[in-house]
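K.L.:
Residues are numbered in this note's numbering as their position in the sequence shown, beginning at 1, plus a constant of 18. Just so you know, even glycine gets a beta-carbon here, dropped at the ideal spot from N, CA and C. Fair warning: this is a prediction, and the values are worked out from it, not measured in the lab.
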Amino acid sequence: MKKKENRSAGSAAVLMLQGTASDVGKSVITAALCRIFMQDGFRTAPFKSQNMALNSYVTADGKEIGRAQGMQAEACGIEATTDMNPILIKPTHDMHSQIVVHGRPLANMSAADYRSKYLPTAKDTVMAALERLRSEYEIVVMEGAGSPAEINLKDRDIVNMNLAGWADAPVVLVADIDRGGVFAFLVGTLELLEPHERERVKGFIINKFRGDLSLLQPGLDWLEQRTGIPVLGVLPYIHDIRLEAEDSVVLDNRTGIGRTAESAVIDIAVIRSPRISNFTDVDPLLEEPGVSVRFVSRSAELGNPDVIILPGTKNTIGDLAYIRNQGFEAAITHAMQSVGTQLIGICGGYQMLGRRLSDPHGLESSDTEEMEGLGYLPITTIFAEEKRTVRVSGTLLAESPLSLGGLDRSISVPVEGYEIHMGSTQVLDDSGASVSSLFQIQEAGGELKAEGCGAKDGRVWGTYLHGVFHNDEFRRGWLNAIREAKGMPQEDSTFSVKELKEKEFDRVASSVRQHLRLDEIYKLLEMRIE
19 MKKKENRSAG SAAVLMLQGT ASDVGKSVIT AALCRIFMQD GFRTAPFKSQ
69 NMALNSYVTA DGKEIGRAQG MQAEACGIEA TTDMNPILIK PTHDMHSQIV
119 VHGRPLANMS AADYRSKYLP TAKDTVMAAL ERLRSEYEIV VMEGAGSPAE
169 INLKDRDIVN MNLAGWADAP VVLVADIDRG GVFAFLVGTL ELLEPHERER
219 VKGFIINKFR GDLSLLQPGL DWLEQRTGIP VLGVLPYIHD IRLEAEDSVV
269 LDNRTGIGRT AESAVIDIAV IRSPRISNFT DVDPLLEEPG VSVRFVSRSA
319 ELGNPDVIIL PGTKNTIGDL AYIRNQGFEA AITHAMQSVG TQLIGICGGY
369 QMLGRRLSDP HGLESSDTEE MEGLGYLPIT TIFAEEKRTV RVSGTLLAES
419 PLSLGGLDRS ISVPVEGYEI HMGSTQVLDD SGASVSSLFQ IQEAGGELKA
469 EGCGAKDGRV WGTYLHGVFH NDEFRRGWLN AIREAKGMPQ EDSTFSVKEL
519 KEKEFDRVAS SVRQHLRLDE IYKLLEMRIE
C-alpha cells in the first residue's frame, strides 16, 4: 500500500494504548497494530516504558526486556532493543523486585524504595529511549500498564498519562467486555482522570466481544453521547491466540491444553510455582498433535504424567521451598517410580534438580544462604551477582543421554535459544559416568562449551537453554522418543515455530483490521494512506 505522511523527518508519530485494567488485551492489540502498520508500509516500533513481567526476552546484544515487547518487535519485523522497554521490573518475592534498566540489573528494591528513590529520576531514561525510537521509525505504538486511574500511583506515573503528556500522544482506551461491566470501566476510568488527561483520550476499543453487535449498539451510542469520545472498534474474542504472554495470569485458565488435549496421548505437567518465569518455553508443545500440557499448582493435580517440567523461576530457593511445602517432592518421586515419568528442569528448574543451592550474597533470600536441592543430578549452583543474559546456538552432543526418536544421531541436531540466570552451576567431581552434558553451544563470537546435564538413562535432564522446545527438529525427535516408548507411531514431520508465529501475527492483525476504524487511527497519527 502506498503511504504518505504529514510529519517532519526524524519525528515518528505516536499512539498510546491504555487499559481500564490489567489483562484487557493491550499487548495483543499493540502487536496487531504493529503488524498492520508494517503491512501498510510504515517502519514501526513498540514501546513500553516500564513493564512488570517475569517472562522476559533477550535482545541480539544480550540485554533483557519484557517478552511482550520482544514479541511486538517481531510483529514489526525488526530486532528488539532495550529502548522498546527501558525499565523492566521482575518480582522476586512479596513487595521486592529486581529492577532492570536498559537490559541490565540495577538493584533489588522494595516497592516503597522503587517509588521513592528511583521513579523521580526515571523520566530522563524513559524519554531518551522514546526519542531514539522516534528518530529511527515512522510510527511508535506505546503501551500503558494496568490502569491510568490508579489514584495512589498517578503522581509518579511514568507509564500511563504522564508519559502520554510527555510524548504528546493521543490515547486510545481499551476495555475487556468479556469480564463484564465494560461501560462502568470506561466511564469510571474517565471520571477518575484529570481534565487534561481526559482530553488525551481520543477513542475507545472494546475488546473480546462474543455476542450480537446489534444488541450492543444502544450501549455504544449511549457511551459516545455520554463521553463525546468515539468507539473506534469492537474487537471479537479471538480464540487460541498463539502469541507469547508476558504474565502468569494467563495460566489461570490453563489446566489441560493443547491442539488435541482431549485425545492427548502424551501428558506433560508443568509445575506452576509462585515466581514462574519464561513459561513460554513450553508453548510449542501446545501445538503438537496428541500432546496435552497441564500447569499444576497442587501436588494432588500432578498424577502420573509422561513428563514433569520444572520451569524457570525468578526465585529458585523460594519456589523450591514452595514445591516442598505443597508436597510436590514426594509426588514427583512417586510418578517417576510408578510409571517412569521423565523429569526436566529449565533454568531455575535445572538448578532445583541438583544437590545444593548456595546464595552467599542474599540475592534470592535474606534468610536462607543454602538449601538442599531435589538431588536428581550431581550438580551444585551458586548464585552470583552478575547476571548472564545471552543468545546462544549450537548442536545436541552426539553422546548426549537424551533419546531422540527418528533422528540420525550421526548428523548434528541444531539448537538455539537464550540464557537468563544469575546462578553458576557445576557438575560435582563424584558424578563419575552417571551423567553427561546435553548440548554444545556458543554465543556470537564465543567459544563452544558443553551445556546442560542429564542422567545416562535420559530420565532426568536439565538445561539453562530457554526456548529448547522451539527447536523444531529437536522437539520432534524428543517427542518421538516418548511415543516410541509408549508403543505409539512416530510423527514424520513437525511444524515450524517461526512460520506459525508469522501466521499468527497475520491472523490477529487481520481480525483487528476488519473490526477497527483504521482510518480514524491514521487520523490520530496525523497520517494518511492511499
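Which runs of the beta strand (DSSP E), 3 residues or longer, sit entirely within the region 34 to 77?
P.N.:
62 to 65, 68 to 70 and 74 to 76
K.L.:
Between the Cα of I96 and the Cα atoms of Q57, T110, D230 and A130, which residue gives the shortest distance?
P.N.:
Position 78 of the sequence shown, counted from the start, is the residue given in the question as residue 96. Proximity to I96 across Q57, T110, D230 and A130 peaks at Q57, based on C-alpha coordinates.
K.L.:
If we count the other Cβ atoms within 10 Å of its Cβ and call it buried at 16 or more, is S134 buried or exposed?
P.N.:
Position 116 of the sequence shown, counting from 1, holds the residue named residue 134. Its Cβ having fewer than 16 others within 10 Å, S134 is exposed.
K.L.:
Please check the pair D196 and R228, which I expect to be a contact at CB under 8 Å, by giving their CB distance rounded to whole angstroms.
P.N.:
On the sequence shown, residue 196 is found 178 positions in, with the first residue counted as 1. On the sequence shown, residue 228 is found 210 positions in, with the first residue counted as 1. With a Cβ gap of about 7 Å, D196 and R228 count as contacting.
K.L.:
Should W240 go down as buried or exposed, given a rule of 16 or more other Cβ atoms within 10 Å for buried?
P.N.:
Position 222 of the sequence shown, counted from the start, is the residue given in the question as residue 240. W240 comes out exposed.
K.L.:
Inspect the CB distances between the region 437 to 445 and the region 396 to 409 and report whether three or more fall short of 8 Å.
P.N.:
yes
K.L.:
Looking at C-alpha atoms only, which residue of M545, E520 and L542 is the closest neighbour of C94?
P.N.:
By one-based count along the sequence shown, residue 94 stands at place 76. Checking every option, the nearest Cα to that of C94 belongs to E520.
K.L.:
Using 10 angstroms around the beta-carbon of Q355, count the other beta-carbons present and answer buried if the total reaches 16, otherwise exposed.
P.N.:
Locating residue 355 in the sequence shown gives position 337, counting from the first residue. Exposed is the call here.
K.L.:
Residues in its own chain within less than 8 Å of S454 by CB, not counting five upstream and five downstream?
P.N.:
For the purposes of this step, residue 454 is taken as the residue at position 436 of the sequence shown. Excluding positions up to five away in sequence, the list reads L415, E417, S418, P419, C471, G472 and K474.
K.L.:
Assuming contact is defined by CB atoms lying nearer than 8 Å, are R373 and I397 in contact in what I supplied?
P.N.:
In the sequence shown, the residue the question calls residue 373 occupies position 355. In the sequence shown, the residue the question calls residue 397 occupies position 379. The answer is yes: Cβ separation under 8 Å.
K.L.:
Could you name the residues of the same chain whose beta carbon sits closer than 6 Å to that of V159, not counting the 5 residues immediately before and after it, in chain order?
P.N.:
Within the sequence shown, the letter at position 141 stands for residue 159. Result list for V159: L33, T48, L51, C52 and P64, in chain order.
K.L.:
Identify, in the order they occur along the chain, each residue of the same chain with its Cβ nearer than 7 Å to the Cβ of G237, setting aside the five sequence neighbours on each side.
P.N.:
Taking the sequence shown and counting its residues from 1, one reaches residue 237 at position 219. Excluding positions up to five away in sequence, the list reads F201.
K.L.:
Have a look at the DSSP bridge pairing and note the partners of L414.
P.N.:
Position 396 of the sequence shown, counted from the start, is the residue given in the question as residue 414. Beta-bridge pairing links L414 to F457.
K.L.:
Counting Cβ pairs closer than 8 Å, one from the region 134 to 146 and one from the region 99 to 109, do we hit at least three?
P.N.:
yes
K.L.:
Please list the terminal residues of the continuous beta strand (DSSP E) segment that includes M179.
P.N.:
The sequence position of residue 179 within the sequence shown is 161, counting from 1. Premise fails: M179 lies in the alpha helix (DSSP H), M179 to A185, not in any beta strand (DSSP E).
K.L.:
Helix, strand or coil for F18? Go by DSSP, reduced to three states.
P.N.:
Residue 18 lies beyond the range of the chain shown here (19 to 548); nothing can be said about it.
K.L.:
State the Cα-Cα distance for the pair I284 and I83, rounded to the nearest angstrom.
P.N.:
Translated into the one-based positions of the sequence shown, residue 284 becomes position 266. Translated into the one-based positions of the sequence shown, residue 83 becomes position 65. One C-alpha to the other measures close to 33 Å.
K.L.:
Identify the residues that DSSP records as bridge partners of Q360: which are they?
P.N.:
As a working note, residue 360 is residue 342 in the sequence shown. V325.
K.L.:
When burial is assigned at 16 or more other CB atoms within 10 Å of the CB, is Q360 buried or exposed?
P.N.:
Against the sequence shown, residue 360 aligns to sequence position 342. Answer is buried; the Cβ neighbour count reaches 16.
K.L.:
Compare the Cα-Cα distances from I54 to each of I247, L536 and A263 and report the closest residue.
P.N.:
Along the sequence shown, one-based indexing puts residue 54 at 36. Closest option to I54, Cα to Cα, is L536.
K.L.:
Per DSSP, what kind of secondary structure is P104 in: helix, strand or coil?
P.N.:
Here residue 104 refers to the residue found at position 86 when the sequence shown is read from its first residue. In the structure shown, P104 sits in coil (DSSP, three-state: anything other than H, G, I, E or B).
K.L.:
According to DSSP, simplified to helix, strand and coil, what is R342?
P.N.:
If you number the sequence shown from 1, residue 342 lands on position 324. Here R342 sits in helix by DSSP.
K.L.:
For I429, which of helix, strand or coil comes out of DSSP?
P.N.:
Reading the sequence shown from its first residue, position 411 is the one you call residue 429. DSSP places I429 in coil when its eight states are reduced to three.
K.L.:
Below 8 Å, how does it come out for the region 519 to 534 and the region 333 to 345: are there three or more Cβ pairs, yes or no?
P.N.:
The answer is no - the region 333 to 345 does not touch the region 519 to 534, with fewer than three Cβ pairs under 8 Å.
K.L.:
Is E168 buried or exposed, if buried means 16 or more other CB atoms sit within 10 Å of its CB?
P.N.:
Residue mapping note: residue 168 aligns to position 150 of the sequence shown, counting from 1. Its Cβ having fewer than 16 others within 10 Å, E168 is exposed.
K.L.:
What's the call for K516, buried or exposed, on a 16-neighbour Cβ count within 10 Å?
P.N.:
As a first step, residue 516 must be located in the sequence shown, where it is residue number 498. Counting Cβ neighbours within 10 Å, K516 comes out exposed, since fewer than 16 surround it.
K.L.:
Beta carbon of F457, beta carbon of E469: below 8 Å?
P.N.:
Numbered from its first residue, the sequence shown carries residue 457 at position 439. Numbered from its first residue, the sequence shown carries residue 469 at position 451. Yes, they are a contact pair.
K.L.:
Quick check: what's the CA-CA separation for Y394 versus T77?
P.N.:
Here the question's residue 394 lines up with position 376 in the sequence shown. Here the question's residue 77 lines up with position 59 in the sequence shown. Each residue's Cα considered, the two are about 33 Å apart.
K.L.:
What is the rounded straight-line gap between the Cα of A30 and the Cα of N180?
P.N.:
Position 12 of the sequence shown holds residue 30. Position 162 of the sequence shown holds residue 180. Taking the straight line from one Cα to the other gives about 19 Å.
K.L.:
Can you tell me the Cα-Cα spacing of G505 and I362, whole angstroms?
P.N.:
Locating residue 505 in the sequence shown gives position 487, counting from the first residue. Locating residue 362 in the sequence shown gives position 344, counting from the first residue. G505 and I362: Cα-Cα distance of roughly 22 Å.
K.L.:
Name the residue from R260, G330 and T207 whose alpha carbon lies nearest to the alpha carbon of R293.
P.N.:
Here residue 293 corresponds to residue number 275 of the sequence shown, with the count starting at 1. The candidate whose alpha carbon is nearest that of R293 is G330.
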